[in-house]
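Heads up, the thing below is written out as structure tokens.
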Amino acid sequence: MSEKPPAMAAQNTKFLIRALGGPLEAATAPLPRLTSPTQVLINIRAVGLNPADHKMITAGHRVASYPMTPGLDGSGVVQQVGDEVENVQVGDEVMGCFVTGDVGASFQAYAFVDSWRVGRKPVALSFEEAASLGVSYMTAVMGLSIGLTAPVPFLHHGPTGILRSGSVLVLGGSSALGAASIQLLKLSLPECRILTTVSPRHKPLVEGLGVDAVINRSSTTIAQDVKSATEGRGVDAILDAVGAGASQRDIFDAFNLNGPRRYAQVWTGDEEIGVPDGVNSITFRSRDVGTLQGGHSIMSALERLLEEGRYKLPLPVRVVGKGLEGIEAGIELIGKGVSGEKLVVTL
Numbered sequence: 004m005s006e007k008p009p010a011m012a013a014q015n016t017k018f019l020i021r022a023l024g025g026p027l028e029a030a031t032a033p034l035p036r037l038t039s040p041t042q043v044l045i046n047i048r049a050v051g052l053n054p055a056d057h058k059m060i061t062a063g064h065r066v067a068s069y070p071m072t073p074g075l076d077g078s079g080v081v082q083q084v085g086d087e088v089e090n091v092q093v094g095d096e097v098m099g100c101f102v103t104g105d106v107g108a109s110f111q112a113y114a115f116v117d118s119w120r121v122g123r124k125p126v127a128l129s130f131e132e133a134a135s136l137g138v139s140y141m142t143a144v145m146g147l148s149i150g151l152t153a154p155v156p157f158l159h160h161g162p163t164g165i166l167r168s169g170s171v172l173v174l175g176g177s178s179a180l181g182a183a184s185i186q187l188l189k190l191s192l193p194e195c196r197i198l199t200t201v202s203p204r205h206k207p208l209v210e211g212l213g214v215d216a217v218i219n220r221s222s223t224t225i226a227q228d229v230k231s232a233t234e235g236r237g238v239d240a241i242l243d244a245v246g247a248g249a250s251q252r253d254i255f256d257a258f259n260l261n262g263p264r265r266y267a268q269v270w271t272g273d274e275e276i277g278v279p280d281g282v283n284s285i286t287f288r289s290r291d292v293g294t295l296q297g298g299h300s301i302m303s304a305l306e307r308l309l310e311e312g313r314y315k316l317p318l319p320v321r322v323v324g325k326g327l328e329g330i331e332a333g334i335e336l337i338g339k340g341v342s343g344e345k346l347v348v349t350l
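Heads up: the sequence shown runs through residues 4 to 350, numbered per my numbering.
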């Protein structure tokens with residue numbers, strides 16, 4: 004959808020922290036200016052909140068210097084485009100993956116990023132829904148391609164992969180990353196048997212995404228439960244979307260001893276999770292997507308998958324407020340633990 008964007012404000016409003024631990028505060032700054040012909044300037048309308056935002060604010064993860072503006076997920080309206088931008092135009096409603104720190108972060112009224120980081124928002128989605136999509140989808144793509152060596156055929160010239168079938172256990176299926184990974188596994192490996200761990204109350208959610216077996220995440224016999232669901236064999240690979248392997252060490256007994264025993268763990272900023280001998284551990288993170296074969300088509304691919312109905316919101320969206328107060332409330336909730344829903348703030 005393209006239309007004339009609203010007139011730009013005289014100044015930018017940023018929600019930033021000036022030191023480790025915050026607090027978050029609203030600050031005015033000059034309007035950002037495009038510095039590359041491939042960039043787009045976006046008027047942010049809604050932001051999605053992620054555990055990474057909480058860790059940046061409270062623990063300084065991924066923070067190079069202060070003051071620092073957080074925000075990885077967002078949606079809005081294109082205000083300006085560089086001369087070489089082809090995928091969007093001024094007035095388009097878009098969703099994107101942003102870059103924390105300063106001008107590229109989503110916790111502000113105006114931000115600019117490289118155009119490959121944004122895709123056009125489907126008309127059927129609200130800004131709040133669209134703001135929930137980018138980071139979990141982008142990280143899931145990296146989990147499949149780098150973590151599991153699975154093909155990602157929905158990317159233009161994407162990796163063809165070597166993992167073709169078998170079975171995968173997704174730890175934390177009711178997280179945004181887990182729910183996104185389940186959907187992309189169904190697209191990439193239609194014959195693959197997908198299992199996931201969740202609490203019983205989230206079982207309907209992951210069943211709606213098409214998993215083949217649901218394991219109670221609190222079970223004291225997880226490995227046995229997994230093998231029972233795979234005719235005694237165990238799984239070929241595990242995608243750990245929540246860092247469960249750090250405390251649930253018995254999950255490594257769920258591997259098929261005759262399989263590749265590949266353990267893909269998302270980078271959380273914490274110490275890498277150690278694995279038993281014979282297990283192949285790979286850490287993946289969304290920030291490396293620009294180096295992935297076909298990676299610069301990642302958001303245009305999401306745009307297409309949504310329009311075709313082949314991908315949907317991984318989690319229900321919960322709008323927790325507006326502006327600075329909404330972000331503060333949402334970050335506090337994430338610190339207490341959130342699952343089965345994506346927290347979003349309207350700007």
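Using N, Cα and C, we set each Cβ at its ideal position, and we do this for glycine too.
{"Query": "C-alpha gap between L172 and L34, whole angstroms", "Result": "46 Å"}
{"Query": "Limits of the alpha helix (DSSP H) - the one that R236 falls within", "Result": "Unbroken run through R236: none, as it is neither H nor E."}
{"Query": "Opposing strand residues paired with Y113 [DSSP bridges]", "Result": "N46"}
{"Query": "Whole-angstrom C-beta distance between G77 and I47, which should lie under 8 Å", "Result": "5 Å"}
{"Query": "Where K315 falls: helix, strand or coil (DSSP)", "Result": "coil"}
{"Query": "Neighbourhood of P317 by C-beta, 6 Å cutoff - its chain only, sequence neighbours within 5 removed", "Result": "S139, A179, A182 and A183"}
{"Query": "Status (buried if at least 16 other CB within 10 Å, exposed otherwise) for S250", "Result": "exposed"}
{"Query": "Identity of the residue in P319, G161 and G169 nearest Q296 by Cα", "Result": "G161"}
{"Query": "Buried or exposed by the 16-neighbour rule on C-beta atoms within 10 Å, applied to Q264", "Result": "Reading the sequence as shown, one finds Arg at residue 264 and not Gln. It is buried - the Cβ of R264 has at least 16 other Cβ atoms within 10 Å."}
{"Query": "CB contact flag (V50, V278, <8 Å)", "Result": "no"}
{"Query": "Endpoints, the alpha helix (DSSP H) within which R321 is located", "Result": "Where R321 is concerned, there is no enclosing alpha helix (DSSP H), although the beta strand (DSSP E) it sits in stretches over V320 to K325."}
{"Query": "For V97, three-class secondary structure by DSSP", "Result": "strand"}
{"Query": "Buried or exposed by the 16-neighbour rule on C-beta atoms within 10 Å, applied to Y314", "Result": "buried"}
{"Query": "Exposure of A12, with buried meaning 16 or more beta-carbon neighbours within 10 Å", "Result": "exposed"}
{"Query": "Cutoff 7 Å; reference E310; Cβ partners in own chain excluding five residues on either side", "Result": "P125"}
{"Query": "T142: first and last residue of the uninterrupted alpha helix (DSSP H) it sits in", "Result": "G137 to M145"}
{"Query": "Whole runs of the alpha helix (DSSP H) within the region 14–97, excluding any shorter than 4 residues", "Result": "54–62"}
{"Query": "N259 - partner residues in DSSP beta bridges", "Result": "DSSP, once it has assigned bridges, lists no residue as partnering N259."}
{"Query": "7 Å Cβ shell around G104 - same chain, five flanking residues per side excluded", "Result": "A67, M71 and T72"}
{"Query": "Reduced DSSP category for R120 - H, G, I as helix; E, B as strand; rest coil", "Result": "helix"}
{"Query": "Other residues of its chain near I276: CB distance less than 6 Å, five sequence neighbours each side excluded", "Result": "G248, A249 and Q268"}
{"Query": "Sequence ranges, beta strand (DSSP E) only - wholly within the region 123–211, length at least 3", "Result": "170–174 and 196–201"}
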